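**Student:** Quick note on my numbering: the sequence shown kicks off at 15 and runs consecutively.
Backbone N, C-alpha and C define an ideal beta-carbon position, used for all residues, glycine too.
What you are looking at is a predicted structure, and each value in this text was computed from that prediction instead of being measured.
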Amino acid sequence: MAKPSNSTLLIVPLLLILLAMTPSTYSNNETDLEALLALKKSVQDDPLGALSSWNETIHFCGWKGVGCSKRHKNRVVSVNLPSQGLVGSLSPYLGNLSFLREIDLQNNSFSDQIPEEMGRLRRLEFIEFSYNSLGGGIPRNLSHCRNLYYLNLINNELSGSIVPEIGSLVNLETLALSVNMLSGSIPPFLGNLTSLTILSLGTCGLQGHIPESLVQLRRLWWLNLIQNNLTGWIPLGLFNLSNIETLALGANQLLGTIPSDIVFTLPNLRLLNLADNHFTGPLPASLSNSSRIEGMMVASNNFTGEMIDVARLSTLQYLEALSNHLKGDMNTIASSLTNCTRLQIFSLADNLFTGSLPDSIGNLSSQLWYMRISGNQLSGSIPPSIGNLVGLTTLDVASSNLQGPIPWSIGKLHRLQEIYLQENRLTNEIPLSFGNLTLLNHLVLWQNNISGNIPPSLSNCSKLLILDFAVNNLNGSIPPEIMRLSTISILLNLSNNVLTDTIPSEVGALRNLGALDLSHNRLSGFLPSTLSSCVMLEWLHLDHNSLQGEIPDGLGALRGLQDLDLSRNNFSGTIPRFLGELHLVNLNLSFNALQGEVPSLGVFENESAISLEGNPELCGGIATLNLPSCSSTNSKRRGLGKILIPIAGVICLALLACFFCVIMYRRRTSQKFPPAQTIFGAPKLLRLSYADLMNATSGFSVTNLVGAGRFGSVYKGSIIDDDDEQTVVAVKVLNLNEGGASKSLESECNALRGIRHRNLVKILSVCDSIDFKGEDFKALVYEFMANGSLENWLHQNSASDVDKRRTLTTIQRLNIAIDIASAVEYLHCGTDSTVIHGDLKPSNILLDQDMVAHVGDFGLAKIISSISGNLSTSNGSSSSAIKGTIGYIAPEYGMNNLVLTEGDAYSYGILLLEMFTNTRPTNHDAFEGYVNIQDFVSSALPDCVMEVVDPFLHQEISMGENYRTCIESILSIGVKCSKELPRERMVMTQVVNELKKIRNVFLADKHASN
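1) What does A363 pair with, by DSSP beta-bridge criteria?
2) Give the DSSP-derived three-state secondary structure of M195 in the structure shown.
3) Report the three-state DSSP secondary structure of S473 (helix, strand or coil).
4) With a floor of 3 residues, list each beta strand (DSSP E) that falls wholly inside the segment 587-658, ordered by position along the chain.
5) Using only alpha-carbon positions, find the residue among A705, V485, T516 and E994 that is nearest to D949.
6) According to DSSP, simplified to helix, strand and coil, what is Q127?
7) Along the chain, where does the alpha helix (DSSP H) that runs through I11 open and close?
8) Taking 8 angstroms as the limit between beta carbons, can you name the residues of its chain near L162, skipping five residues before and five after?
9) Taking buried to mean at least 16 other C-beta atoms within 10 Å of its own C-beta, is M195 buried or exposed?
10) From this set, R232, S199, V193 and H223, which residue's C-alpha is nearest S209's C-alpha?
11) From which residue to which residue does the beta strand (DSSP E) around D1049 run?
12) Looking at S374 and A348, is the spacing between their C-beta atoms short of 8 angstroms?
13) Within 10 Å of its beta-carbon, does W422 have 16 or more other beta-carbons around it, so buried, or fewer, so exposed?
14) Apart from the five residues just before and just after N584, which ones in its own chain have a Cβ nearer than 7 angstroms to its Cβ?
15) In the DSSP output, what is R439 paired with across the bridge?
16) On the DSSP letters alone, give me the boundaries of the alpha helix (DSSP H) that Y922 sits inside.
17) Would you mind working out which of L926, L828 and S847 sits nearest K855, comparing C-alpha positions?
18) Under the rule that 16 or more other beta-carbon atoms within 10 Å means buried, what is H339, buried or exposed?
19) Using a threshold of 8 angstroms, state whether the C-beta atoms of G150 and L135 are closer than that.
20) Count the other CB atoms within 10 Å of the CB of L308; is the residue buried (16 or more) or exposed (fewer)?
21) So V775 and L860 are supposed to be a Cβ contact under 8 angstroms. How far apart are they, rounded?
22) For K426, which three-state DSSP category applies?
23) Starting from the N-terminal side, write out each stretch of the alpha helix (DSSP H) that is 4 residues or longer and does not extend beyond the segment 235-306.
24) Relative to the C-alpha of P996, which residue among L554, P905 and G852 is closest?
25) Using CA coordinates, which residue listed in N462, S921, S476 and L985 is at the minimum distance from L454?
26) Could you check which residue in Y384, N718, G405 and N282 has the C-alpha nearest to that of Y332?
27) To the nearest angstrom, how far is it from the Cα of Q436 to the Cα of V485?
28) What is the rounded straight-line gap between the Cα of D815 and the Cα of W807?
29) If you check the beta carbons only, do S302 and F278 fall under 8 angstroms apart?
30) Kindly identify the DSSP beta-bridge partner or partners of L580.
31) Along the beta strand (DSSP E) that carries N507, what are the first and last residues, could you check?
32) Roughly how many whole angstroms lie between the Cα atoms of A313 and I433?
33) Considering Q120, what are the terminal residues of the alpha helix (DSSP H) in which it resides?
34) Taking the straight line between their C-alpha atoms, what separation do you get for G594 and N629?
35) On the three-state DSSP scale, how would you describe Y729?
36) Within 10 angstroms of its Cβ, does R536 collect 16 or more other Cβ (buried), or is it exposed?
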């Protein structure tokens, strides 16, 4: 036998080593497989099928979102599943992926805690968990992940303090914890993380001082500490971090001054946000030399001295210095700003500026959309050149001592949504050109010296929500055209003028109006019966006029009325009993000719809430009114009393027994309900218990189930309202076992408080009770929409449902699109605060019996100020952020925590494209290789529109070229709204206006063809 060679002797042990390693490698691969399957098992809902490939038919390295190492064969190194709509929790088995370097689960709906087992992942470098619902504390074991350089946990529900173990992650470059529910202070050990470039701790509930140790972060370029409870001075060393581009410290309680050399120590500064603090001293003159600054937000502080020279700030976009004690010549400042060709926001209100508005103000940036210089000590008049600022949406020069006429040229600012000119000395008449401002929401001119008639041309302002002309010298009658503006829903105030004649009967068109003040005029005649149609009125003042007749019974229909003043008129007759049945807080009937007995119920039981003086023939009422007794009535009562007292005693005993039984039953079935309370600014129309809703829905029967979502289920029901009329309602029962359900209810109630619009769903009641099992029960009761959701009309599979969808014609889709856009525009511009819906999609659009669309489901809605000192770039707020629906959510809801109106515009654009193509935005197979639905549609415009539009509409489009052009225009709007960059998207006011123009052309062509 031949002796083995030396090479053979070497190969044998190598083979033995390889054979010994094989089971271990196989075992490690099995461990990764089991960890991934455990993650899949912990996912309760996968709406997009992101994990459909996660099965053992193919190797896990081929699964969606899973990346494996080339060096370490078949070992998982990355898990990337952002924005997949996943609902569930994070499996602790993730800690077994020992080769994992990167995990990205951003913008899903993971809840519960981040597992401590992730601390085993020694190779982990990148964690992206932002925009989820993760709770509990920050895992301490993450300190073992020494290679971690990126940690983003923004917009979750984390609690507790920033744990000390974070301080050992010396390689961290990004630490983002904004918008959580943390406590405690900013820990000094963060200063040891000298590799940090981004530190985002805004809106976390942190308190205490900014630690001095942060000055050690020499590489830092983004520092966000806004909206906390931080106190004390800013460490001076922070102003020496030369890489800083964004310094956002707004909305705290910080003190001190800004260093005079800030621009030299922070040469790269782009955004300075110090708003809403307690800073003092002057604005450093060196800021005038900042060559890169884009946003300077120093509003709501105590800054003094001269305003800086802004002539050289060519990159400036946002200048917000309102509510300080700054001074300077407005003429000079406004002229200097003409060099800032990118200026969008100009806000110097409530300071000590003097001088006049120069003609050069008309040369400001064409991008300027917000100008607020009210509350200063100006002189002169409003220059006609202001009509050149065609991009303006808000113009506020109130309380500025301006005089002279309102320039006619303001009528050229067709994008204007808000005009505030109150508390000046303006004269002459209201310009007829105001009728050209068809996008106006707020028109406020009170306390000036304006004379003449109210121009009927204002009826063209079909989006008005507030019209306030009080305290002027307006004369003539109230134009009926104004009363027909049914959109006026917040305030119509024409008080303290010299208006004559009667109140027009057209007042009944103001069905959504909350406050009407026509007091202190010379109005006469009777109250129009149509006033009973103004069912949303809470505040009605008609005092100091010459109105006459009896108080009409129609006022009893105003169930939400809280403040009624009819004093100093010529009303006669008795005081109606129904006034005591309303939920009035204040009632003034003084100095009229009223007579008879004063009621003793409701508001009449509170002497301080009513005023009845100057009506000498009144009697009765509560004793503290000291009115004479109604003698004839009392004598009759005494005679009847002898007969009725014994009978009443027996009846009382019987009623007492019944009452006792009812109380015992209520205690067993539900918690005691609070007294009627106000909701959304008006008293509740319905007060419903768990038992009421259970009966209304036949025990929440499956046959009455009309829809279900993450936070609850919706049932159709039938209830009896306070007028004993049967009402069909939709009852949304919250799933309180689902994390965030209660938060969703709170968001919905906050968003809908005080807003009214025909295209928004209306909440009839809120039920917060206990069910028959003794468990918490929460539900919202809405108006029932007979035609269901837009989702069901667009996407159904059965033959009957397809036929149903085909009844949705072009004009129906266009009307629905206009309804939705009108509602969103109202949310953005129609109230004192901007409301962002955050989840526009077909299933949240409901259609009533007349196919009118109503926007619903405000569970993700956010309320922000239209302008604030927050770290924001448009109509945004950093106070909260939105987790929307995949396919509809805007791409910018990622790293930053801004909430933008442009996000709703994006969702609307996607929705509009979906309506006219009948293609879901998540159906990527239908996009023929394009990335998304907007690119797919854009590629077909204008010549190949037939290839992308819903085939059902082909027949209509073929009826004429105008039909085709209208469809092209609609799709173009959808594409413009869904642009990737927020600033490139259309605003909703433009959308509404353009769609209405398209509808006019469409209907005209249709009429001509008939």
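**Tutor:** In short, the structure shows the following:
1) One-based indexing of the sequence shown puts residue 363 at position 349. None; A363 has no bridge partner.
2) Within the sequence shown, the letter at position 181 stands for residue 195. Strand at M195.
3) Within the sequence shown, the letter at position 459 stands for residue 473. Note: S473 maps to helix in three-state DSSP.
4) 600-602, 607-612 and 631-634
5) Translated into positions along the sequence shown, residue 949 becomes position 935. Checking every option, the nearest Cα to that of D949 belongs to E994.
6) In the sequence shown, residue 127 corresponds to position 113, counting from 1. If DSSP states are grouped into helix, strand and coil, Q127 belongs with the strands.
7) Nothing about residue 11 can be reported from this structure: the residues present for the chain run from 15 to 1024 only.
8) One-based indexing of the sequence shown puts residue 162 at position 148. L138, E139, F140, I141, L156, L183, N185 and L186, listed in sequence order.
9) Against the sequence shown, residue 195 aligns to sequence position 181. Exposed, since its Cβ has fewer than 16 Cβ neighbours within 10 Å.
10) Within the sequence shown, numbered from 1, the residue matching residue 209 stands at position 195. Of the listed residues, the one whose Cα sits closest to S209 is R232.
11) The first residue shown for the chain is 15 and the last is 1024, placing residue 1049 beyond what the model contains.
12) Taking the sequence shown and counting its residues from 1, one reaches residue 348 at position 334. Taking the sequence shown and counting its residues from 1, one reaches residue 374 at position 360. The answer is yes: Cβ separation under 8 angstroms.
13) Taking the first residue of the sequence shown as position 1, residue 422 is located at position 408. Flag for W422 reads exposed.
14) The sequence position of residue 584 within the sequence shown is 570, counting from 1. Correct list, in chain order: S560, L561, Q562, N606 and A607.
15) Working through the sequence shown from its first residue, we reach residue 439 at position 425. For R439, which the question treats as bridged, DSSP gives the partners Q417.
16) Along the sequence shown, one-based indexing puts residue 922 at 908. T915 to T931 is the span of the alpha helix (DSSP H), which, as asked, contains Y922.
17) By 1-based counting over the sequence shown, the position of residue 855 is 841. When each option's Cα is compared against that of K855, the closest is L926.
18) Taking the first residue of the sequence shown as 1, we reach residue 339 at position 325. Answer is exposed; the Cβ neighbour count stays below 16.
19) Translated into the one-based positions of the sequence shown, residue 150 becomes position 136. Translated into the one-based positions of the sequence shown, residue 135 becomes position 121. No, the Cβ-Cβ distance between G150 and L135 is not below 8 angstroms.
20) As a working mapping, residue 308 is identified with position 294 in the sequence shown. Reading off the sequence shown, one finds Glu at residue 308, where the question assumed Leu. Its Cβ being crowded by 16 or more others within 10 Å, E308 is buried.
21) Along the sequence shown, one-based indexing puts residue 775 at 761. Along the sequence shown, one-based indexing puts residue 860 at 846. 6 angstroms between Cβ atoms; contact.
22) Reading the sequence shown from its first residue, position 412 is the one you call residue 426. The answer is helix: DSSP assigns K426 an H, G or I state.
23) 276-279
24) Along the sequence shown, read from residue 1 onward, the residue named residue 996 stands at position 982. When only C-alpha atoms are compared, the closest one is P905.
25) Taking the first residue of the sequence shown as 1, we reach residue 454 at position 440. The shortest C-alpha separation from L454 is found at S476.
26) Indexing the sequence shown from 1 puts residue 332 at position 318. Closest by alpha carbon: Y384.
27) What you label residue 436 is simply residue 422 of the sequence shown in a count that begins at 1. What you label residue 485 is simply residue 471 of the sequence shown in a count that begins at 1. So the two alpha carbons sit approximately 10 angstroms from each other.
28) Locating residue 815 in the sequence shown gives position 801, where the first residue counts as 1. Locating residue 807 in the sequence shown gives position 793, where the first residue counts as 1. For D815, the predicted structure reports a pLDDT of 44, less than 50, and the residue's modelled location is therefore unreliable. A value from the coordinates is still provided. Roughly 8 angstroms between the two C-alpha positions.
29) As a first step, residue 302 is located in the sequence shown; it is residue number 288 there, counting from the start. As a first step, residue 278 is located in the sequence shown; it is residue number 264 there, counting from the start. Contact flag unset, no.
30) Counted from its first residue, the sequence shown places residue 580 at position 566. L580 pairs with nothing; no bridge assigned.
31) If you number the sequence shown from 1, residue 507 lands on position 493. Element bounds for N507: L505 to N507.
32) Numbered from its first residue, the sequence shown carries residue 313 at position 299. Numbered from its first residue, the sequence shown carries residue 433 at position 419. Distance between the alpha carbons of A313 and I433 is about 21 angstroms.
33) Counted from its first residue, the sequence shown places residue 120 at position 106. Taken as a continuous stretch (DSSP letters only), Q120 belongs to no alpha helix (DSSP H), as it is neither H nor E.
34) What you label residue 594 is simply residue 580 of the sequence shown in a count that begins at 1. What you label residue 629 is simply residue 615 of the sequence shown in a count that begins at 1. Approximately 18 angstroms, taken between the alpha carbons.
35) Taking the first residue of the sequence shown as 1, we reach residue 729 at position 715. DSSP places Y729 in strand when its eight states are reduced to three.
36) The residue given as residue 536 occupies position 522 in the sequence shown. It is exposed - the Cβ of R536 has fewer than 16 other Cβ atoms within 10 Å.
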